[in-house]
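Terminal number for the sequence shown in our numbering: 754, no gaps in between. The beta carbon of each residue, even a glycine, is placed where N, CA and C say it ideally should be. Treat the numbers as computed from the prediction; the structure is a model and nothing was measured. Please read the structure below before turning to the comments.
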Amino acid sequence: MCRWIVYVGEHPLMLEDLLIKPKHSIVKQVSERFIPGLYHGLEEDDVEELKKQATWINVHGFGVSWYTDTLTEFDPSIKGMLPAQFRTIAPISTDLAFEQLCKHTASKCTLAHIRDASFPPVVEVNNHPFIYGKYSFMHNGSVDSFSKIRYDVMKRISELQTMVQINQYKSSVQDSNYVFGIAGNTDTEHLAALYFAYVDIIQAIKPSFGAHSTDALLLALFLTIGDIREIQFQHQVGSFTPGPGAERLGNTLNLCITAGGVQMLVSRWRDSKKGYPRSLYLSLTAGEKLNRKHYSELPDPTSLEDVYNTDVKIDSVRELVARYKPTKQGCHIIVGSEPSTCYVQDWGLLDQNQCVTVDDNRKLRMINLAKFFGPDSERKDMLDEYHFTEVINKIQTLHPTYSAPPAHDLDLPKSKCDAFQKALHLNAPTK
324 MCRWIVYVGE
334 HPLMLEDLLI
344 KPKHSIVKQV
354 SERFIPGLYH
364 GLEEDDVEEL
374 KKQATWINVH
384 GFGVSWYTDT
394 LTEFDPSIKG
404 MLPAQFRTIA
414 PISTDLAFEQ
424 LCKHTASKCT
434 LAHIRDASFP
444 PVVEVNNHPF
454 IYGKYSFMHN
464 GSVDSFSKIR
474 YDVMKRISEL
484 QTMVQINQYK
494 SSVQDSNYVF
504 GIAGNTDTEH
514 LAALYFAYVD
524 IIQAIKPSFG
534 AHSTDALLLA
544 LFLTIGDIRE
554 IQFQHQVGSF
564 TPGPGAERLG
574 NTLNLCITAG
584 GVQMLVSRWR
594 DSKKGYPRSL
604 YLSLTAGEKL
614 NRKHYSELPD
624 PTSLEDVYNT
634 DVKIDSVREL
644 VARYKPTKQG
654 CHIIVGSEPS
664 TCYVQDWGLL
674 DQNQCVTVDD
684 NRKLRMINLA
694 KFFGPDSERK
704 DMLDEYHFTE
714 VINKIQTLHP
724 TYSAPPAHDL
734 DLPKSKCDAF
744 QKALHLNAPT
754 K
């Protein structure tokens, strides 16, 4: 059970203030858990499964990427921010290089990840985040039965790679070679290669909603999940595993993708017939308390007895958005596997199968991702609403050998929260 955190904002935040100093920083999440409200309203068997996952520790590697515009000062061909990266398999709480890096680095967009390996080896190339040009990609969860489907996943990546190379599309990997660019053996890196091959193809055909929009990122996610599920269907694994006792088998995809240090897409996803995705929390205000400019020292939160109560109800993202007020840190968003501060009122719990995007204009949008995989009529409505059908048709017209992943209806458990879709402009505070 990996853990990750991402910060995207109009003002920079010190890496030390985000990753080391908080009471429940990502460094402490190697072995400590803080999951307020996660079990509220869940059935006993769902709670037991989540409790078991909470006992796992994350000691198999650490990675951080932070966006910087330094290269633009030396190379006029480079525009905007690009991600720098630090990865290590050393214990992160005692890594002096990491400590010094965080003490002297600030960024408007930072991602960090601690790894609990699904399978060996424990090497730096397997550490998240994974970098693809201006993009960063990280993941908590697993692609079910990856060892059984890996060959077919590589085949699909190779097919998309051929499309990019033959048509000389602009690519996010060197020489447009997504297959050769996979340096490790994780399910996440293969997932990322498949995903960014789709991103590059979608951008190349210039969709009506904008080649570099968050809708392009969302469509790539839909197609990537669709491909993985189709391959699993062919192998009868994952949520397609027959027989009793298979209701909890499936993919868990708590994903984070950032683009240019401004755009962001995160998802809390699980496609098994039973069970809940791993925890994922969001804050629009915690950055103010994390920034030493505004708070040199934080007082203890009130109602401390409720802070560590995993069964107490905390706000959904919708409720958090409804009471949003700008802070001194300006418009920003923090998403993490666990809250990094103990101020629970600053955090909301993402609903199951919810996706959140932030675009170039700081517009935040919440989407019920499960509807893209629902019954035929519901799925068609979602694809048409987002103009995804016309893009998929255009890809198939331009590339007759390509076939979009067929639909496999998801029979997911009913949401305990009110999943919804809403756009919110995160306006900066007036001075």
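- Message: Suppose the cutoff is 6 Å on Cβ atoms and the five residues either side in sequence are ignored; what does the same chain contact list for Y492 look like?
- Response: One-based indexing of the sequence shown puts residue 492 at position 169. Here the set comprises D523, A527.
- From D340 to L613, what does the alpha carbon distance come to, in whole angstroms? Against the sequence shown, residue 340 aligns to sequence position 17. Against the sequence shown, residue 613 aligns to sequence position 290. Looking at the backbone, the Cα of D340 and that of L613 are separated by about 6 Å.
- Span of the alpha helix (DSSP H) around C654: To locate residue 654, count along the sequence shown from 1; it is residue 331. Per DSSP, C654 belongs to no alpha helix (DSSP H) and is neither H nor E.
- Report buried or exposed for H513, applying the criterion of at least 16 other Cβ atoms within 10 angstroms of its Cβ. The residue given as residue 513 occupies position 190 in the sequence shown. It is buried - the Cβ of H513 has at least 16 other Cβ atoms within 10 Å.
- Could you work out which residue in K596, V502, T485 is closest to R473 when comparing CA atoms only? Taking the sequence shown and counting its residues from 1, the one referred to as residue 473 is at position 150. When K596, V502, T485 are compared, the shortest CA-CA separation from R473 is found for V502.
- Message: Tell me which residues share the same chain as Q352 and place their Cβ nearer than 8 Å to its Cβ, disregarding the 5 neighbours each side in the sequence.
- Response: Numbered from 1 along the sequence shown, position 29 holds the residue referred to as residue 352. The residues are R326, N381, I437, S660, E661.
- When you compare only the Cα positions, how much space is there between Q675 and S468? For the purposes of this step, residue 675 is taken as residue 352 along the sequence shown, with counting starting at 1. For the purposes of this step, residue 468 is taken as residue 145 along the sequence shown, with counting starting at 1. Q675 and S468: Cα-Cα distance of roughly 22 Å.
- Message: What does the Cβ neighbour count give for D741, buried or exposed, with the cut at 16 atoms within 10 Å?
- Response: For the purposes of this step, residue 741 is taken as the residue at position 418 of the sequence shown. Bear in mind that a pLDDT of 47 at D741, under 50, signals an unreliable position, so the model cannot answer this.
- Task: Taking the CB atoms as reference points, tell me whether V331 and V635 lie closer together than 8 Å.
- Result: The residue given as residue 331 occupies position 8 in the sequence shown. The residue given as residue 635 occupies position 312 in the sequence shown. V331 is not a Cβ neighbour of V635, given a cutoff of 8 Å.
- Let me know the alpha helix (DSSP H) ranges lying completely inside the region 668-752, each 4 residues or longer, listed in chain order. DSSP runs (the alpha helix (DSSP H)) wholly in the region 668-752: 699-708, 711-721.
- Are the beta-carbon atoms of M324 and W379 separated by less than 8 Å? By one-based count along the sequence shown, residue 324 stands at place 1. By one-based count along the sequence shown, residue 379 stands at place 56. Contact: yes.
- Message: My parser needs the alpha helix (DSSP H) runs of 4 or more residues fully inside the region 448-521; what are they?
- Response: Taking only runs of at least 4 residues, the alpha helix (DSSP H) segments lying wholly in the region 448-521 are 469-489.
- Message: Going by DSSP, what residue range makes up the beta strand (DSSP E) through V640?
- Response: Residue mapping note: residue 640 aligns to position 317 of the sequence shown, counting from 1. Per DSSP, V640 lies in no beta strand (DSSP E); the unbroken alpha helix (DSSP H) holding it starts and ends at 640-645.
- Item | Buried versus exposed call for P752 [16 or more other C-beta atoms within 10 Å across all chains shown] | For the purposes of this step, residue 752 is identified with residue 429 of the sequence shown, where counting begins at 1. Note that P752 scores a pLDDT of 45, beneath 50, so its modelled location is shaky; the value from the coordinates is reported in the next line. Burial call: exposed.
- Item | Three-way DSSP call (helix, strand, coil) for V445 in this model | As a working mapping, residue 445 is identified with position 122 in the sequence shown. The DSSP-derived three-state label of V445 is coil.
- Query: In its own chain, which residues sit with a C-beta less than 8 Å from the C-beta of K754, not counting the 5 before and 5 after it?
  - Reply: Counting from 1 along the sequence shown, the entry for residue 754 is found at position 431. Because the pLDDT at K754 is just 38, under 50, the model does not fix this residue reliably, and the value given afterwards should be weighed accordingly. Residues of the same chain with a CB within less than 8 Å of the CB of K754, apart from the 5 flanking positions on each side, do not exist.
- Message: With a threshold of 8 Å, are at least 3 pairs of Cβ atoms found where one atom belongs to the region 405-417 and the other to the region 443-452?
- Response: With a cut-off of 8 Å, the region 443-452 and the region 405-417 count as touching, because enough Cβ pairs lie within range.
- Query: What's the C-alpha gap between I690 and E708?
  - Reply: Mapped onto the sequence shown, residue 690 falls at position 367. Mapped onto the sequence shown, residue 708 falls at position 385. I690 and E708: Cα-Cα distance of roughly 12 Å.
- Item | Where H427 falls, given that 16 or more other Cβ within 10 Å makes a residue buried | Counting from one through the sequence shown, the residue named residue 427 turns up at place 104. So H427 counts as exposed.
- Item | For W389, the nearest candidate out of F421, P399, E366 (CA to CA) | Indexing the sequence shown from 1 puts residue 389 at position 66. Out of F421, P399, E366, F421 has the C-alpha closest to the C-alpha of W389.
- Message: Report the CB separation of W592 from T575 in whole angstroms; it is logged as a contact under 8 Å.
- Response: On the sequence shown, position 269 is the one that residue 592 refers to. On the sequence shown, position 252 is the one that residue 575 refers to. With a beta-carbon spacing of about 7 Å, W592 and T575 fall inside the 8 Å limit used to define contacts.
- Message: DSSP three-state label for L607, please.
- Response: Within the sequence shown, numbered from 1, the residue matching residue 607 stands at position 284. L607 carries a coil assignment under DSSP once its states are collapsed to helix, strand and coil.
- Any 3 or more C-beta pairs closer than 8 Å across the region 473-489 and the region 537-556: The region 473-489, when compared against the region 537-556, does touch it at the 8 Å Cβ threshold.
- Task: Look at the alpha carbon of L603 and the alpha carbon of F397, and state the distance between them as a whole number of angstroms.
- Result: Counting from one through the sequence shown, the residue named residue 603 turns up at place 280. Counting from one through the sequence shown, the residue named residue 397 turns up at place 74. In this structure, the straight-line span from the alpha carbon of L603 to that of F397 is close to 38 Å.
- By Cβ distance below 6 Å, which residues in the same chain neighbour A515 in space, the five residues on each side in sequence not counted? Position 192 of the sequence shown, counted from the start, is the residue given in the question as residue 515. Non-local beta-carbon contacts of A515 in its own chain, meaning distances under 6 Å to residues more than five positions away in sequence, involve F453, F460 in chain order.
- DSSP puts M337 in a beta bridge; with which residues? Here residue 337 is taken as the residue at index 14 of the sequence shown, counted from 1. DSSP, once it has assigned bridges, lists A429 as partnering M337.
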